[in-house]
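Residue numbers (UniProt numbering): 1 to 207.
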């Protein structure tokens, strides 16, 4: 569901329940403010200007995916959502109170248990590219639960389709040459959709 800019999408949101539109609007505006703050801190941590990620790098309308995972009697037989890395810049994930998110670290799946009133921030492929590999896109998955259903809301912060993506020039040096090619996000996103996700080893000059 597209949620921001609110003025562009509110008319398409469901009318029932009667308070849904107000709730979604408050959520969308709050997440947009949060994403701006997070991206500003990331930029400063990389040594970039605080507003580096403003504009085209985060300009695609925000969309939220609401995922519901019913209980599975034998979780070993199925995944709620298979291994992948998100295509955009960052993903803001509201987990609820049931564990299910796992991230891949050193070839081992690590559970990311919910923290009350917290939102998980995942780096996507574009963050890895812009940072020239200093920050890594997170491979993750969702597993099912034998006893409890689980709901999560993932909100994606992505570049505009015509946005030009490349390692930040301020990060270039003799010892830190660009390892990713320059491209428009629509080019990347088309490949991502066509291939049902792009593996991390496809992010280099060659794809």
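Don't be surprised by glycine CBs; every beta carbon is placed ideally from N, CA and C. Please read these numbers as outputs of a predicted model, since none were measured by experiment.
Does DSSP put residue 211 in a helix, in a strand, or in coil? Because the chain in this structure spans residues 1 to 207, residue 211 falls outside the shown range and cannot be described.
Which residue wins for smallest C-alpha separation from residue 80, given the options 88, 66, 180? 66
Let me check understanding here. Comparing Cα to Cα, which of 15, 193, 21, 119 lies closest to residue 7? 21
Classify residue 205 as helix, strand or coil using the three-state DSSP reduction. Here residue 205 scores only 44 on pLDDT, less than 50, and its place in the model is too uncertain to base an answer on.
According to DSSP, which residues form a beta bridge with residue 156? 63, 91
Cβ-based neighbour list, residue 172, same chain, cut-off 8 angstroms, excluding 5 preceding and 5 following: 132, 178
Mind checking which residues open and close the beta strand (DSSP E) that includes residue 110? 108 to 111
Alpha-carbon spacing of residue 175 relative to residue 167, whole angstroms: 14 angstroms
Give the DSSP-derived three-state secondary structure of residue 9 in the structure shown. helix
How would you call residue 201, buried or exposed, if buried means at least 16 neighbouring beta carbons within 10 angstroms? Residue placement at residue 201 is poorly supported in this model, since its pLDDT is 48, which falls under 50; the coordinates are not used for a value here.
Exposed or buried, which one is residue 189 when buried takes at least 16 other CB atoms within 10 Å? buried
Tell me whether the beta-carbon of residue 95 lies closer than 9 angstroms to the beta-carbon of residue 101. yes
For a quick check, are the C-beta atoms of residue 89 and residue 158 less than 9 angstroms apart? yes
Start and end residues, beta strand (DSSP E) containing residue 126: Residue 126 -> not in any beta strand (DSSP E); alpha helix (DSSP H) instead, spanning 125 to 130.
So what does DSSP say about residue 191, is it helix, strand or coil? helix
Cβ-Cβ distance between residue 163 and residue 86 below 9 angstroms: no
Here's the rule I'm using: 16 or more other beta-carbon atoms within 10 Å means buried, otherwise exposed. How should residue 39 be labelled? buried
By Cβ distance below 7 angstroms, which residues in the same chain neighbour residue 29 in space, the five residues on each side in sequence not counted? 6
Put residue 121 into one of helix, strand or coil per three-state DSSP. strand
Spatial neighbours of residue 112 in its chain, beta-carbon cut-off 7 angstroms, leaving aside the 5 residues before and after: 101, 102, 103, 120
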